[in-house]
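Colleague:
Number of protein chains: 2
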Amino acid sequence: MRIIDIRERAVPVRSAMRNAAFDFSEMTTSVVAVVTDVVRAGQKVIGYAFNSTGRYACGAAMRERFIPRVLRANPESLQDAQGLLDPALVAACMATREKPGGDAERSVPIGTIETAVWDAVAKSLERPLWHVLAERYGGAPGMERVPVYVGGGWYQPHDDLAALDREIRGHLDAGYTHIKIKTGGVALDEDCRRIERALKLVGDSKRLAVDANGALPLDRATRYAKRLAGYDLRWFEEPCAPQAFGEFAALAAIYAPPLATGENLFCAADVTNLLQFGGFRVDRDVLQVDPPQAYGIAAFAGMVATLEAHGGDRRRVFPHGGNMMSFAVTAGLGLGSCEAYPGVFGAFGGYADTMTVIDGTLDWPDLPGIGFERQPQLFALMQELSA
Amino acid sequence: MRIIDIRERAVPVRSAMRNAAFDFSEMTTSVVAVVTDVVRAGQKVIGYAFNSTGRYACGAAMRERFIPRVLRANPESLQDAQGLLDPALVAACMATREKPGGDAERSVPIGTIETAVWDAVAKSLERPLWHVLAERYGGAPGMERVPVYVGGGWYQPHDDLAALDREIRGHLDAGYTHIKIKTGGVALDEDCRRIERALKLVGDSKRLAVDANGALPLDRATRYAKRLAGYDLRWFEEPCAPQAFGEFAALAAIYAPPLATGENLFCAADVTNLLQFGGFRVDRDVLQVDPPQAYGIAAFAGMVATLEAHGGDRRRVFPHGGNMMSFAVTAGLGLGSCEAYPGVFGAFGGYADTMTVIDGTLDWPDLPGIGFERQPQLFALMQELSA
């Protein structure tokens, strides 16, 4: 199995949302297609991916460094013993001639291409990616359906509390049961009113999480932690800057319910630092690395293994990014839950149109690869790469 | 003082060098020009910079995000009380709509543009940048001349030891006294032979440093530390992966002479982590952040202040990058020494042609701004941006 071309393009995400740290008005993402020489059903197998949400498109680095390295490589050096493409070897090839450190500059383009290679591998096997991952990473899940929760509760410029109420009712009506809302973007009292409104609707405090998006200075985060502890929420996400390990540890020392972090950790060393210095409590805290932004699925599986080696449980891993890539990883590795962002990230949010949300769970899609082909709006963008 | 345009282009560095971690055969850098509305000597003041060495060109991110944000901003929002451009405000403007964390992806483009703004500010004042920095950051140095050391001792494919000998003799003949050579790229015994050969030439172990470029796994780094300790070198640089703070701490616990790190730290949080968790010994270890790669000179000055708040001494700060930008910062802030890479990075290494190396020191250039105008080969590349 050989890669014969890798194509990419930048697409605007077109989201009007705002969290405590920033807005998405200029956000873009890179869509990639990895074209292989394998033919299934009379067509070349093409693997697709995009760089999840929240990080800008990174096509220049792909074009200038990562794609040429793969296309120049000896094809056999990228294959496993069965002659299939080995996504980890493709990622290692892309990392040639890269200076150590500064991972975030390359972990997104490399991780996105690596994820597309997985899509191609699973399609060449004519199996869903979650199934291939379950086999490879020993996570074969016993779940009947796959848990999903809504990432939402964004701040709205007008009638925020009423809008929050409407939004959450909509999610509950759509079959979701667990919800995460933004926090830290307004005054603490107002955030508490939002939390109380949300709790009234979702019913159980263990069904509600809050997310400060890394925006709070330590003194403000501490005030939030003290006030929020009483709500005993599912988790309090990114209270402080993502790499401020000392601040996370200080909050873990005073906030008894679970904390969560990880969508802004980009490599194995970041996760090791979190475990070693961040006060991350493996018995309760939640890890949320986003695979296509952090060198890809093989690297992500390594981080899960590191967490387990420290006594953690993969059911407390909740990969960032509400999309079919994070579904495949959640389902295939047997993680806690995937996210959903209904109606927020345009073509880049959501799941295959074959999948239904029932009582906070998704069904297992029987689609080859990641399954983007059953997301018509997104797949139309992807297909422009294979024209 | 207003910015009326910012231009950039990618230029290949054309270096054949290799260290323990990677080679430079594909390396590029971004050259930027910040065009202002200030006129001096009948010409618009233009600030220049490039993104130092070791990180690839980042023009796409500049064009797509950082430059448009500056050009769209209210010009007064980028000025200090005197109406001059405030480089820190320009950097903050560029960081709008950026997600927390993942700094390395933006600290290089933002830092490079910020450095060019400093060049323009100093030129508008018709003073050298080192002089402006000394005034602003209280580092007014008492040095008669500015210490400089050679970063070299790269591995050569043929007759490496003889080549090293020739290289060091050349540096000594050219007036340098302090030298750094690569380590960790061959077997430990061979690296020791290189160190011994170098020591024989430079004479004093406190004039020789070694640099492993972050390439050594902890077990190998530990073997190196045990063996190298006996040489009592000036410093042992980047023994392990740059963000592996636990590994740096483990080595600091067993290696008595100075360690050095920082050229792969990109933001204030990274430096805080190094001080808090990396076992960094403020009484001896060396910090080497590269200003244009780490959000620019104002952010760098903040890191120096953080080090001092932890009891460190700015004379143990040695900014990475042997160029006029690191000269201005070293001289202006009164740091330990700048680097030089004679003959290695083509147009992107070295100092103004007015400057001489005498007994391991450089003279103070009386050139407006950073002084790129007196680096003919480099300035020719920069001038293509103002055509």
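Residue numbers (our numbering), protein chains in the order written: chain U, 54 to 440; chain W, 54 to 440.
Just so it is clear, CB atoms sit at the ideal spot from N, CA and C, and this is done for glycine as well.
Keep in mind the model is a prediction, meaning the values are calculated, not measured.
1. Please determine if the stretch 83-103 of chain U and the stretch 404-412 of chain U are in contact, where contact requires at least 3 C-beta pairs separated by less than 8 Å.
2. To which residues does DSSP link Pro295 of chain W through a beta bridge?
3. Secondary structure at Pro429 of chain W, three-state DSSP: helix, strand or coil?
4. Taking Cβ-Cβ distances shorter than 8 Å, what residues in chain U pair up with Asp76 of chain W?
5. Where does Met435 of chain W land, buried or exposed, given buried means 16+ other C-beta within 10 angstroms?
6. Rounded to the nearest angstrom, how far is the Cβ of Leu304 of chain U from that of Cys293 of chain U, given a contact under 8 Å?
7. With distances taken Cα to Cα, identify the nearest neighbour of Ile423 of chain U among U:Val170, U:Arg287, U:Arg367 and U:Gln329.
8. So the alpha helix (DSSP H) Gly385 of chain W belongs to, where does it begin and stop?
9. With a threshold of 7 Å between beta-carbons, can Gly204 of chain U be considered close to chain W, or not?
10. Would you list the one or two residues that DSSP bridges to Ser83 of chain U?
11. Quick test of your reading: His373 of chain U and Val335 of chain U, contact by CB under 8 Å. State the CB separation rounded to the nearest angstrom.
12. Span of the alpha helix (DSSP H) holding Gln329 of chain U?
13. Does the beta-carbon of Asp172 of chain U have 16 or more other beta-carbons within 10 angstroms, so that it is buried, or is it exposed?
14. Say whether chain W places a C-beta atom closer than 7 Å to the C-beta of Gln209 of chain U.
15. Comparing alpha-carbon positions, which option in U:Pro153, U:Ser379 and U:Thr383 lies nearest Arg367 of chain U?
16. What residues in the stretch 134-167 of chain W have a beta carbon less than 8 Å from any beta carbon of chain U?
17. Does any heavy atom of the ligand ADP sit closer than 6 Å to the C-beta of Ile120 of chain W?
18. Report the CB separation of Asp412 of chain U from Gly228 of chain U in whole angstroms; it is logged as a contact under 8 Å.
19. Residues bridged to Ile411 of chain U by DSSP?
20. Within 7 Å (strictly less), CB to CB, does Ala306 of chain U reach chain W?
21. Short check: CB of Leu131 of chain W to CB of Leu124 of chain W, under 7 Å?
22. For the stretch 304-337 of chain U, which residues have a beta carbon sitting closer than 9 Å to at least one beta carbon of chain W?
23. State the Cα-Cα distance for the pair Val342 of chain U and Gly155 of chain W, rounded to the nearest angstrom.
24. Applying the criterion that 16 or more other CB atoms from any shown protein chain within 10 Å of the CB defines a buried residue, is Val161 of chain U buried or exposed?
25. Any Cβ of chain U within less than 7 Å of the Cβ of Gln296 of chain W?
26. Taking 8 Å as the threshold, find out whether the stretch 182-190 of chain W comes into contact with the stretch 379-399 of chain W through three or more Cβ pairs.
27. Which residues of the stretch 347-361 of chain U have a Cβ closer than 9 Å to any Cβ of chain W? Give them in chain order.
28. Would Val263 of chain W pass as a contact of Phe289 of chain W if the rule is Cβ separation under 7 Å?
29. Using DSSP's beta-bridge definition, name the partner residues of Arg93 of chain W.
30. Secondary structure at Cys111 of chain U, three-state DSSP: helix, strand or coil?
31. What does Gly402 of chain U reach in chain W if we use C-beta pairs closer than 9 Å?
32. Against Asn266 of chain W, what residues of chain U qualify as contacts under a CB-to-CB distance less than 9 Å, listed in chain order?
33. Considering only the alpha carbon of each residue, which of W:Gln135, W:Arg280, W:Val324 and W:Pro310 lies closest to Met356 of chain W?
34. Roughly how many angstroms separate the alpha carbons of Cys111 of chain W and Val255 of chain U, rounded to a whole number?
35. Does the beta carbon of Gly387 of chain W sit closer than 7 Å to a beta carbon anywhere in chain U?
36. Can you pull the chain U neighbours of Gly443 of chain W, defined as C-beta to C-beta under 8 Å?
Modeller: Working from what's here:
1. no
2. Walking along the second sequence from the start, residue 295 of chain W turns up at place 242. None; Pro295 of chain W has no bridge partner.
3. On the second sequence, position 376 is the one that residue 429 of chain W refers to. Of the three classes helix, strand and coil, the one that applies to Pro429 of chain W here is helix, per DSSP.
4. On the second sequence, position 23 is the one that residue 76 of chain W refers to. Those within 8 Å of Asp76 of chain W in chain U are Arg150.
5. By one-based count along the second sequence, residue 435 of chain W stands at place 382. Result: buried.
6. As a working note, residue 304 of chain U is residue 251 in the first sequence. As a working note, residue 293 of chain U is residue 240 in the first sequence. Going by Cβ atoms, the distance from Leu304 of chain U to Cys293 of chain U rounds to 7 Å, so yes, they are a contact pair.
7. Looking up residue 423 of chain U in the first sequence gives position 370. Minimum Cα distance to Ile423 of chain U is reached at U:Val170.
8. Taking the second sequence and counting its residues from 1, one reaches residue 385 of chain W at position 332. Note, Gly385 of chain W: alpha helix (DSSP H), Met377 to Leu386.
9. For the purposes of this step, residue 204 of chain U is taken as the residue at position 151 of the first sequence. Chain W contact via Cβ: absent.
10. Along the first sequence, one-based indexing puts residue 83 of chain U at 30. Per DSSP, U:Ala63.
11. Along the first sequence, one-based indexing puts residue 373 of chain U at 320. Along the first sequence, one-based indexing puts residue 335 of chain U at 282. No, His373 of chain U and Val335 of chain U are not in contact; Cβ-Cβ is about 19 Å, not under 8 Å.
12. By 1-based counting over the first sequence, the position of residue 329 of chain U is 276. Counting along the chain, the alpha helix (DSSP H) containing Gln329 of chain U begins and ends at Ala321 to Phe330.
13. Counting from one through the first sequence, the residue named residue 172 of chain U turns up at place 119. Classification for Asp172 of chain U: buried.
14. Taking the first sequence and counting its residues from 1, one reaches residue 209 of chain U at position 156. With 7 Å as the cut-off, Gln209 of chain U does not count as an interface residue toward chain W.
15. As a first step, residue 367 of chain U must be located in the first sequence, where it is residue number 314. The shortest Cα separation from Arg367 of chain U among U:Pro153, U:Ser379 and U:Thr383 belongs to U:Thr383.
16. Thr149, Arg150, Glu151, Lys152, Pro153, Gly154, Gly155, Asp156, Ala157, Glu158 and Val161
17. The ligand ADP is absent from the structure shown, which contains no ligand whatsoever.
18. Within the first sequence, numbered from 1, the residue matching residue 412 of chain U stands at position 359. Within the first sequence, numbered from 1, the residue matching residue 228 of chain U stands at position 175. That belief holds up - the Cβ atoms of Asp412 of chain U and Gly228 of chain U are roughly 6 Å apart, short of 8 Å.
19. Residue mapping note: residue 411 of chain U aligns to position 358 of the first sequence, counting from 1. Paired residues: U:Thr414.
20. Position 253 of the first sequence holds residue 306 of chain U. No, Ala306 of chain U lies away from the interface with chain W (no Cβ there is under 7 Å from its Cβ).
21. As a first step, residue 131 of chain W must be located in the second sequence, where it is residue number 78. As a first step, residue 124 of chain W must be located in the second sequence, where it is residue number 71. Taking 7 Å as the Cβ cut-off, Leu131 of chain W and Leu124 of chain W do not qualify as a contacting pair.
22. Glu316, Asn317, Leu318, Phe319, Cys320, Ala322, Asp323, Thr325, Asn326, Gln329 and Phe330
23. The residue you call residue 342 of chain U lines up with position 289 of the first sequence. The residue you call residue 155 of chain W lines up with position 102 of the second sequence. So the two alpha carbons sit approximately 12 Å from each other.
24. By 1-based counting over the first sequence, the position of residue 161 of chain U is 108. That one is buried.
25. Start at 1 with the first residue of the second sequence, and residue 296 of chain W comes out as number 243. Taking Cβ atoms only, chain U reaches closer than 7 Å to Gln296 of chain W, which makes this a yes.
26. yes
27. none
28. Indexing the second sequence from 1 puts residue 263 of chain W at position 210. Indexing the second sequence from 1 puts residue 289 of chain W at position 236. In this structure, Phe289 of chain W lies closer than 7 Å to Val263 of chain W by Cβ.
29. The residue labelled residue 93 of chain W in the question sits at position 40 within the second sequence. BP columns for Arg93 of chain W point to W:Gln96.
30. The count along the first sequence starts at 1 and reaches residue 111 of chain U at position 58. Note: Cys111 of chain U maps to coil in three-state DSSP.
31. Sequence index remark: in the first sequence, residue 402 of chain U carries index 349 (1-based). Within 9 Å Cβ-Cβ: nothing; Gly402 of chain U doesn't reach chain W, min ~16 Å.
32. Position 213 of the second sequence holds residue 266 of chain W. The contacting residues are Lys152 and Pro153.
33. Position 303 of the second sequence, counting from 1, holds the residue named residue 356 of chain W. Selected option, being the one with the closest Cα: W:Val324.
34. As a working note, residue 111 of chain W is residue 58 in the second sequence. As a working note, residue 255 of chain U is residue 202 in the first sequence. Their Cα atoms are separated by approximately 45 Å.
35. The residue given as residue 387 of chain W occupies position 334 in the second sequence. No, no contact with chain U.
36. This structure gives no information on residue 443 of chain W, because the portion of chain W shown stretches from 54 to 440.
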